[in-house]
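Trainee:
Number of protein chains: 2
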Amino acid sequence: MTDLEQYLHSYFTFDQDDLVKVSALFKKKTLNKGDYFLKAGKKCNQLCFIQSGLLRIYADVDGKEVTQWISTKGYFVADLSSLLFQTPSLWNMQALTNLDIFVIERAEYNRLGEIIPKWPETEKLFLAHCFKMMEDRIFSFISMTAEERYHFFFEKNREIFNQVPLQYLASMLGMTPETISRIRRKQLI
Amino acid sequence: MTDLEQYLHSYFTFDQDDLVKVSALFKKKTLNKGDYFLKAGKKCNQLCFIQSGLLRIYADVDGKEVTQWISTKGYFVADLSSLLFQTPSLWNMQALTNLDIFVIERAEYNRLGEIIPKWPETEKLFLAHCFKMMEDRIFSFISMTAEERYHFFFEKNREIFNQVPLQYLASMLGMTPETISRIRRKQLI
DNA sequence: CCGTTTTCTTGATTTTTGTCAAGTAAACTG
DNA sequence: CAGTTTACTTGACAAAAATCAAGAAAACGG
């Protein structure tokens, strides 16, 4: 089993046959640190799965970069509405480190339903999990202080927090790097 | 065409035949002000479509109510992960006014894919739109001040803002009623 | 391994937002 | 329509977080 098959297997209840069919549609690819998987304004024509490395998703807002999320090993990444509706993407997606990914083209992605009968149902359940994550994230913004939110994310995403520059973490948590630095200091004393 | 068919038609590109098949699975129902569509801790076994009235979605957090959203005419409402995975819901859903809804039971909802071949694809596109809304909302929390966020939501949801008690609006925007009151005063001067 | 660049920490200060409390206005109810 | 409840506004103050600036630490590149 390839890494991709391994991951698909852990997410979805596919049999070996389907695993092979699906993973055959993905092509292995590497990005160097600083390379873009997607640029804002362009249409998203691919979906990727991250095998190793970090991918930062951010937008430019009046000259400032707002980091939306940082994806790591095991994430599927695309701008879903751009991929489906072929609208220009709002997001830049840039490799924070050298990156190993598996990429599926839009055309192939759209044929998954024909190739694997249970794909639509599987995809729905996957999207529902993403929904839950976004809902939890919104909840953290409306019900927690900066400090509580920091800990909430830290618990759920330890591997990211130790590898990513503070400025990016701060932005995705809706606070400043200084605030995180002060929260961290509190822990030590 | 019933109101529900009308709405389904405006969201989804169904032909008349499919519209009738789908809307036949919904039952018309009314809730009185204060009634619950769903209580936290219970499994969500229905999905509803709001024809008129306001439905507040909120959670209890150490004795305080956190309002997640207020849904109005034209919204489909359910706790998606509870509906699909049969986990206990985090959310209370309570009628803020008398409410006219169309309700589909979980069992019928799960059969939609058999009844309407294009349902899975349609549902995916619908979920993608919801995704976009949640993404925009997260973006508002990480990139805007309370005042900017207020205006951002006001522009997109005028009908809600004029009907709903300030305390609920404030909670769903992640600020206090006093803050909204002061933002509104600024507009007048 | 040394200089450069980037990132992180810290303090002082300002701004934003929250909290508390009181008073006013509006909505509901019998 | 009078009394009650609920919602809204306002001010004074407190707390949280942002900003600015400087220095320390770490990472990077030849």
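So the sequences go chain by chain: A and B.
One gets the working numbering by counting positions in the first sequence from 1 and adding 6 to each.
One gets the working numbering by counting positions in the second sequence from 1 and adding 6 to each.
Don't be surprised by glycine CBs; every beta carbon is placed ideally from N, CA and C.
(1) State the DSSP-derived secondary structure class of Thr-185 (chain B), mapped to helix, strand or coil.
(2) For the candidate residues A:Ser-87, A:Phe-82, A:Pro-183, A:Phe-132, whose alpha-carbon lies nearest to that of Ile-110 (chain A)?
(3) Following the continuous beta strand (DSSP E) through Phe-43 (chain A), name the residue where it begins and the one where it ends.
(4) Reducing DSSP to helix, strand and coil, say where Val-28 (chain B) ends up.
(5) Per DSSP, Ser-77 (chain A) forms a beta bridge with which residues?
(6) For Leu-44 (chain B), which residues from the same chain have a beta carbon less than 6 Å from its beta carbon, with the 5 sequence-adjacent residues on both sides left out?
(7) Please confirm if Ile-144 (chain A) has its CB atom under 8 Å from at least one CB of chain B.
(8) For Asp-68 (chain B), which option in A:Ala-134, A:Glu-165, A:Phe-160, A:Ser-149 has the closest C-alpha, if you only look at C-alpha atoms?
(9) Whose CA, out of A:Val-170, A:Ala-152, A:Ile-189, A:Thr-185, lies closest to the CA of Ile-63 (chain A)?
(10) Kindly list, in the order they appear in chain B, the residues whose Cβ is closer than 7 Å to that of Gly-180 (chain A).
(11) Taking its Cβ as the centre, do 16 or more other Cβ atoms sit within 10 Å of Ser-16 (chain B), making it buried, or is it exposed?
(12) What are the boundary residues of the alpha helix (DSSP H) that includes Met-178 (chain B)?
(13) Residues of chain B with a CB under 9 Å from the CB of Pro-183 (chain A): which are they?
(14) Kindly indicate which residue of B:Leu-133, B:Leu-53, B:Gln-92, B:Thr-36 has the alpha-carbon position closest to the one of Thr-103 (chain B).
(15) Can you have a look at Ala-113 (chain B) and say buried or exposed, based on whether 16 or more other CB atoms are within 10 angstroms of its CB?
(16) If you draw a straight line from the alpha carbon of Gln-52 (chain B) to that of Tyr-13 (chain A), how long is it in whole angstroms?
(17) Would you say Leu-86 (chain B) and Phe-137 (chain A) are within 8 Å of each other, going by their C-beta atoms?
(18) Anything in chain A within Cβ reach of Glu-129 (chain B), meaning under 7 Å, just list it in chain order.
(19) Pairs of beta-carbons, one from the stretch 153 to 165 of chain A and one from the stretch 142 to 160 of chain B, closer than 8 Å: are there three or more?
(20) If we define contact as Cβ-Cβ less than 8 Å, is Val-67 (chain A) a contact residue for chain B?
(21) Buried or exposed, going by whether 16 or more other CB atoms sit within 10 Å of the CB of Met-139 (chain B)?
(22) Given that a residue counts as buried once 16 or more other Cβ atoms are within 10 Å of its Cβ, and exposed if not, what is Met-178 (chain B)?
(23) Residues of chain A with CB closer than 8 Å to the CB of Met-140 (chain B), please, in chain order.
(24) Determine the direct distance from the alpha carbon of Thr-78 (chain B) to that of Pro-212 (chain A), and round the result to whole angstroms.
(25) For a cutoff of 8 Å on Cβ pairs, would you count Pro-126 (chain A) as touching chain B?
(26) Would you say Ala-134 (chain A) lies against chain B (beta-carbon separation less than 8 Å)?
(27) Count the other C-beta atoms from every protein chain shown that fall within 10 angstroms of the C-beta of Gln-193 (chain A), then say buried if there are 16 or more, exposed otherwise.
(28) Pick out whichever of A:Leu-31, A:Leu-60, A:Val-26 has its Cα sitting closest to the Cα of Asn-168 (chain A).
(29) Does the distance from the CB of Phe-91 (chain B) to the CB of Phe-55 (chain B) come in under 8 Å?
(30) Does Val-170 (chain A) come within less than 8 Å of chain B when only Cβ atoms are used?
(31) Excluding sequence positions up to five away, which residues of its chain have a Cβ less than 6 Å from the Cβ of Ser-58 (chain A)?
(32) So if DSSP puts Ile-110 (chain A) in a beta bridge, which residue, or which two residues, is it bridged to?
(33) Hey, out of A:Asn-38, A:Gln-74, A:Glu-127, A:Glu-11, whose CA is closest to Ala-176 (chain A)'s CA?
Mentor: According to the structure data:
(1) Translated into the one-based positions of the second sequence, residue 185 (chain B) becomes position 179. Residue state for Thr-185 (chain B) is assigned as helix, using DSSP reduced to three classes.
(2) Here residue 110 (chain A) is taken as the residue at index 104 of the first sequence, counted from 1. Ranked by how close their Cα comes to the Cα of Ile-110 (chain A), the residues A:Ser-87, A:Phe-82, A:Pro-183, A:Phe-132 have A:Phe-82 in first place.
(3) Residue mapping note: residue 43 (chain A) aligns to position 37 of the first sequence, counting from 1. 42 to 44 is the span of the beta strand (DSSP E), which, as asked, contains Phe-43 (chain A).
(4) Start at 1 with the first residue of the second sequence, and residue 28 (chain B) comes out as number 22. Assigned with DSSP and collapsed to three states, Val-28 (chain B) falls in helix.
(5) On the first sequence, position 71 is the one that residue 77 (chain A) refers to. Answer is A:Leu-61, bridged to Ser-77 (chain A).
(6) Here residue 44 (chain B) refers to the residue found at position 38 when the second sequence is read from its first residue. If the five residues before and after Leu-44 (chain B) are omitted, its C-beta is found closer than 6 Å to the C-beta atoms of Cys-50, Ser-95, Met-99, all from its own chain and listed in chain order.
(7) For the purposes of this step, residue 144 (chain A) is taken as the residue at position 138 of the first sequence. For Ile-144 (chain A), the answer is yes, since a Cβ of chain B falls inside 8 Å of its Cβ.
(8) Mapped onto the second sequence, residue 68 (chain B) falls at position 62. Nearest option by C-alpha distance: A:Ser-149.
(9) Taking the first residue of the first sequence as position 1, residue 63 (chain A) is located at position 57. That would be A:Val-170, whose Cα lies nearest to the Cα of Ile-63 (chain A).
(10) For this step, residue 180 (chain A) is matched to residue 174 along the first sequence. Against chain B, a Cβ distance below 7 Å from Gly-180 (chain A) picks out Phe-147, Ile-148.
(11) As a first step, residue 16 (chain B) is located in the second sequence; it is residue number 10 there, counting from the start. Burial call: exposed.
(12) Locating residue 178 (chain B) in the second sequence gives position 172, where the first residue counts as 1. Secondary structure note for Met-178 (chain B): its alpha helix (DSSP H) is the uninterrupted segment 172 to 179.
(13) Here residue 183 (chain A) refers to the residue found at position 177 when the first sequence is read from its first residue. Within chain B, no residue comes near Pro-183 (chain A); the closest Cβ sits about 14 Å away, beyond 9 Å.
(14) Working through the second sequence from its first residue, we reach residue 103 (chain B) at position 97. It is B:Thr-36 whose Cα lies nearest to the Cα of Thr-103 (chain B).
(15) In the second sequence, the residue the question calls residue 113 (chain B) occupies position 107. By the neighbour-count criterion, in which 16 or more other beta carbons inside 10 Å mark a residue as buried, Ala-113 (chain B) falls on the exposed side.
(16) Along the second sequence, one-based indexing puts residue 52 (chain B) at 46. Along the first sequence, one-based indexing puts residue 13 (chain A) at 7. In a straight line, the C-alpha of Gln-52 (chain B) is about 32 Å away from that of Tyr-13 (chain A).
(17) As a working note, residue 86 (chain B) is residue 80 in the second sequence. As a working note, residue 137 (chain A) is residue 131 in the first sequence. Cβ distance < 8 Å, so Leu-86 (chain B) and Phe-137 (chain A) count as in contact.
(18) To locate residue 129 (chain B), count along the second sequence from 1; it is residue 123. Ordered by position in chain A, the residues that pass the 7 Å Cβ test against Glu-129 (chain B) are Lys-130.
(19) As far as the Cβ criterion goes, the stretch 153 to 165 of chain A does not touch the stretch 142 to 160 of chain B, which means the pair count is below three.
(20) Within the first sequence, residue 67 (chain A) is the residue found at index 61, counting from 1. Between Val-67 (chain A) and chain B, the shortest Cβ-Cβ separation is below 8 Å.
(21) Here residue 139 (chain B) refers to the residue found at position 133 of the second sequence. By the 10 Å Cβ count, Met-139 (chain B) comes out exposed.
(22) Reading the second sequence from its first residue, position 172 is the one you call residue 178 (chain B). With 16 or more other Cβ atoms within 10 Å, it is buried.
(23) As a position in the second sequence, residue 140 (chain B) is number 134, starting the count at 1. Going along chain A in sequence order, the residues near Met-140 (chain B) (Cβ under 8 Å) are Phe-137, Met-140, Glu-141, Ile-144.
(24) The requested residue 212 (chain A) is not part of the displayed model; chain A covers only 7 to 195.
(25) Walking along the first sequence from the start, residue 126 (chain A) turns up at place 120. Residue-level contact check: Pro-126 (chain A) touches chain B, since one or more beta carbons of chain B fall below 8 Å from its beta carbon.
(26) Residue 134 (chain A) sits at position 128 when you count from the first residue of the first sequence. Cβ-Cβ to chain B under 8 Å: yes for Ala-134 (chain A).
(27) Here residue 193 (chain A) is taken as the residue at index 187 of the first sequence, counted from 1. Exposed is the call here.
(28) If you number the first sequence from 1, residue 168 (chain A) lands on position 162. The shortest C-alpha separation from Asn-168 (chain A) is found at A:Leu-60.
(29) Here the question's residue 91 (chain B) lines up with position 85 in the second sequence. Here the question's residue 55 (chain B) lines up with position 49 in the second sequence. Phe-91 (chain B) is not a Cβ neighbour of Phe-55 (chain B), given a cutoff of 8 Å.
(30) Stepping through the first sequence from its first residue, residue 170 (chain A) is reached at position 164. Residue contact with chain B for Val-170 (chain A): absent (no Cβ-Cβ distance below 8 Å to any residue of chain B).
(31) Residue mapping note: residue 58 (chain A) aligns to position 52 of the first sequence, counting from 1. Around Ser-58 (chain A): Lys-79, Asp-106.
(32) Along the first sequence, read from residue 1 onward, the residue named residue 110 (chain A) stands at position 104. In DSSP, Ile-110 (chain A) forms a bridge with A:Leu-53.
(33) Working through the first sequence from its first residue, we reach residue 176 (chain A) at position 170. If you compare the alpha carbons of A:Asn-38, A:Gln-74, A:Glu-127, A:Glu-11 with that of Ala-176 (chain A), the shortest gap goes to A:Gln-74.
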